[in-house]
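J.: In my numbering, the protein residues as written are 268 to 639. Quick one: the structure is below, and I'll ask about it shortly.
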Amino acid sequence: MKNIIKEGLAKIKLQNGVFLNNKMKICRDISSLWISTLPKINILVDGFCASGIRGIRYKKENENVNQLIFFDRSKKAIENLKMNLKLNNLKAETFEGNSNKFFVNYQNFDFCEIDPFGSPAFYLDLMFWADWKQKQRYVSITATDTAVLCGAHKNAAIKIYNSKTINNFACHEIGLRILLGFIARTASKYNWAIYPQVSISKLHFFKVLLKIKKSATQAKNSSLAASAYYIFCPFCLNQKIVWQPSFIDKCEKCSNKIVWAGPLWGDKIYENSTIEKMKENYLKKEFLKDKEVEKFLNYYSQESKINNFYFDIHSICKKYKLGLVDMESIIKELKENGFQASRTTFNDLAIRTNAQIEDLVLIIQKIKKAKN
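Take a look at the structure:
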């Protein structure tokens with residue numbers, strides 16, 4: 268058929284100006300693969316559905332997905348969605364209206380996709396407020412206001428996310444952790460605890476794939492995990508997460524003035540057991556075969572074992588006038604010295620490690636000396 272777009276096992280047509288972001292394909296690939304690892308999903312909600320490609324893919328690519336519900340405030344989007352459901356031989360319930368009206372009327376679902384334009388902050392309260400009968404469910408939340416979360420608009424970050432952010436080489440992880448922290452604090456008001464399974468940072472968006480549990484005690488712990496702070500020294504590049512509500516102004520390593528961001532999520536941003544299941548399922552899904560998906564899965568498998576910020580190696584080499592060094596050589600040397608180390612999906616020029624800045628500098632110097 269003419270003008271049909273194929274992605275995964277879905278096929279769609281766009282009409283009436285309904286938007287499809289082709290650059291988000293990797294996000295849809297990873298999300299669908301994650302869904303394949305979950306228990307049976309009786310009711311899956313695709314919010315802000317536009318053409319419906321997410322929900323359609325989730326259903327067609329995963330046997331554990333049963334009933335679909337789509338909502339969008341755009342009449343044109345709902346019309347386009349209905350055409351695409353028919354094109355894929357699927358039946359689903361559709362709702363035309365804003366998210367607030369949806370969550371007041373639909374409260375019993377197992378999985379909810381929140382994928383708005385801009386910040387998801389305005390849509391979370393009612394989603395967590397909805398009186399779900401289930402005690403454990405799953406949510407997928409996207410933010411495309413990365414300029415706000417990564418420090419380009421600091422006042423907006425304070426206003427929307429109640430967090431201070433900074434713009435440095437780790438700004439994408441800082442931004443994602445600020446997003447997670449905001450989600451956790453919002454969820455805890457309604458006795459929901461969050462457990463991040465997969466975190467995605469790519470181009471202009473963040474996506475977090477979460478398991479959530481209904482428990483007052485676990486919600487308290489989740490809220491505490493969202494009360495961390497990131498401190499950074501622009502002079503020596505020392506960085507770390509701290510948990511105390513107040514902290515010193517000077518770097519513990521060079522005594523220069525530090526900058527900070529937060530509050531933010533200080534706990535894990537990946538669940539390694541989930542990542543390993545995704546890798547297993549990926550091998551069974553020929554339609555998903557893609558070099559970028561493989562790269563993400565391989566990096567996830569390594570960095571999900573390390574709950575430390577990544578270091579940008581080019582920034583370190585420039586700061587300390589070291590010259591560039593091969594990334595794999597640094598990782599090998601770090602591991603031989605007893606440190607954890609891996610590449611990261613956040614930044615191709617970075618290494619996630621539990622080593623300190625001085626350890627990295629010494630190792631890079633050692634590699635450079637050995638090659639001279």
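Glycine residues also receive a C-beta, built at the ideal position from the N, C-alpha and C atoms.
Measuring alpha carbon to alpha carbon, tell me which residue in 288, 292, 273 and 301 is nearest residue 547.
T.: Residue numbering aside, residue 547 sits at position 280 when the sequence shown is read from its first letter. Among 288, 292, 273 and 301, the Cα nearest to that of residue 547 is on 301.
J.: Quick one: which unbroken beta strand (DSSP E) runs of 3-plus residues sit fully inside the stretch 494–567? Chain order, please.
T.: Fully enclosed beta strand (DSSP E) runs of 3 or longer: 495–499, 506–509 and 526–531.
J.: Excluding the 5 residues preceding and the 5 following residue 428 in the sequence, name in chain order all residues of the same chain whose CB lies nearer than 6 Å to its CB.
T.: Locating residue 428 in the sequence shown gives position 161, counting from the first residue. Around residue 428: 445 and 449.
J.: Which residue wins for smallest C-alpha separation from residue 280, given the options 312, 345 and 557?
T.: Residue mapping note: residue 280 aligns to position 13 of the sequence shown, counting from 1. Answer by Cα proximity: 345.
J.: Would you call the stretch 351–358 and the stretch 387–400 in contact, with 3 or more CB pairs under 8 Å?
T.: Segments in contact, no.
J.: Please say whether residue 613 and residue 471 have beta carbons closer to each other than 8 Å?
T.: As a first step, residue 471 is located in the sequence shown; it is residue number 204 there, counting from the start. As a first step, residue 613 is located in the sequence shown; it is residue number 346 there, counting from the start. Against a cut-off of 8 Å, the Cβ pair of residue 613 and residue 471 comes out as no contact.
J.: Can you tell which of 288, 609 and 588 has the C-alpha that lies nearest to the C-alpha of residue 599?
T.: As a working note, residue 599 is residue 332 in the sequence shown. Nearest of 288, 609 and 588 to residue 599, Cα basis: 609.
J.: Would you call the stretch 501–521 and the stretch 319–328 touching, i.e. three or more CB-CB distances under 8 Å?
T.: Cβ pair count under 8 Å is below three, so no.
J.: Near residue 619, which residues of its chain fall below 6 Å by C-beta distance, leaving aside the five closest residues on each side in sequence?
T.: On the sequence shown, position 352 is the one that residue 619 refers to. So the list reads 570, 573, 577, 609 and 611, once near-sequence residues are dropped.
J.: Reducing DSSP to helix, strand and coil, say where residue 466 ends up.
T.: Position 199 of the sequence shown, counted from the first residue, corresponds to residue 466. Reduced to three states, the DSSP call for residue 466 is strand.
J.: Taking Cβ to Cβ, would you say residue 363 is nearer than 8 Å to residue 382?
T.: Taking the sequence shown and counting its residues from 1, the one referred to as residue 363 is at position 96. Taking the sequence shown and counting its residues from 1, the one referred to as residue 382 is at position 115. Going by C-beta atoms, residue 363 is not nearer than 8 Å to residue 382.
J.: Here's the rule: buried if 16 or more other CB atoms are within 10 angstroms of the residue's CB, otherwise exposed. What is residue 407?
T.: On the sequence shown, residue 407 is found 140 positions in, with the first residue counted as 1. Buried: at least 16 other Cβ atoms inside 10 Å.
J.: Comparing C-alpha positions only, which one of 554, 294 and 601 sits nearest to residue 278?
T.: As a working note, residue 278 is residue 11 in the sequence shown. The option with the nearest alpha carbon to residue 278 is 554.
J.: Is residue 572 helix, strand or coil when you go by DSSP?
T.: Looking up residue 572 in the sequence shown gives position 305. Residue state, collapsed to three classes: coil.
J.: How about residue 357 and residue 323: do their beta carbons lie closer than 8 Å?
T.: Here residue 357 refers to the residue found at position 90 when the sequence shown is read from its first residue. Here residue 323 refers to the residue found at position 56 when the sequence shown is read from its first residue. Yes, Cβ-Cβ distance for residue 357 and residue 323 is below 8 Å.
J.: Can you give me the Cβ contacts of residue 516 inside the same chain, cut-off strictly under 7 Å, excluding the 5 residues immediately before and after it?
T.: Mapped onto the sequence shown, residue 516 falls at position 249. 524 and 525.
J.: Can you give me the C-alpha to C-alpha distance between residue 392 and residue 452, rounded to a whole angstrom?
T.: The sequence position of residue 392 within the sequence shown is 125, counting from 1. The sequence position of residue 452 within the sequence shown is 185, counting from 1. Straight-line Cα distance between these residues: approximately 10 Å.
J.: Would residue 387 be called buried (16 or more neighbouring beta carbons within 10 Å of its own) or exposed?
T.: Here residue 387 is taken as the residue at index 120 of the sequence shown, counted from 1. Label assigned to residue 387: buried.
J.: State yes or no: is the beta carbon of residue 470 nearer than 8 Å to at least one beta carbon in chain B?
T.: No chain B appears in the structure shown, which is made up of a single protein chain.
J.: To the nearest angstrom, report how far apart residue 292 and residue 477 are at their CA atoms.
T.: As a first step, residue 292 is located in the sequence shown; it is residue number 25 there, counting from the start. As a first step, residue 477 is located in the sequence shown; it is residue number 210 there, counting from the start. Those two C-alpha atoms are separated by around 19 Å.
J.: If you measure between the beta carbons of residue 479 and residue 459, is that distance less than 8 Å?
T.: Stepping through the sequence shown from its first residue, residue 479 is reached at position 212. Stepping through the sequence shown from its first residue, residue 459 is reached at position 192. In contact: residue 479 and residue 459 (Cβ atoms closer than 8 Å).
J.: How big is the Cα-Cα spacing for residue 321 and residue 313?
T.: The residue labelled residue 321 in the question sits at position 54 within the sequence shown. The residue labelled residue 313 in the question sits at position 46 within the sequence shown. In a straight line, the C-alpha of residue 321 is about 7 Å away from that of residue 313.
J.: In the DSSP output, what is residue 474 paired with across the bridge?
T.: As a position in the sequence shown, residue 474 is number 207, starting the count at 1. Beta-bridge pairing links residue 474 to 409 and 467.
J.: Threshold first: 3 residues or longer. Then list the beta strand (DSSP E) segments lying entirely within the stretch 324–363, N to C.
T.: Runs of the beta strand (DSSP E) inside the stretch 324–363: 332–339 and 360–363.
J.: Closest by CA to residue 603, which one among 583, 633, 475 and 590?
T.: Stepping through the sequence shown from its first residue, residue 603 is reached at position 336. Nearest option by C-alpha distance: 633.
J.: Could you tell me which residues DSSP puts in a beta bridge with residue 620?
T.: Within the sequence shown, numbered from 1, the residue matching residue 620 stands at position 353. The partner list for residue 620 (beta bridge, DSSP) reads 608.
J.: To the nearest angstrom, report how far apart residue 409 and residue 475 are at their CA atoms.
T.: Numbered from its first residue, the sequence shown carries residue 409 at position 142. Numbered from its first residue, the sequence shown carries residue 475 at position 208. Rounded to the nearest angstrom, the two C-alpha atoms are 7 Å apart.
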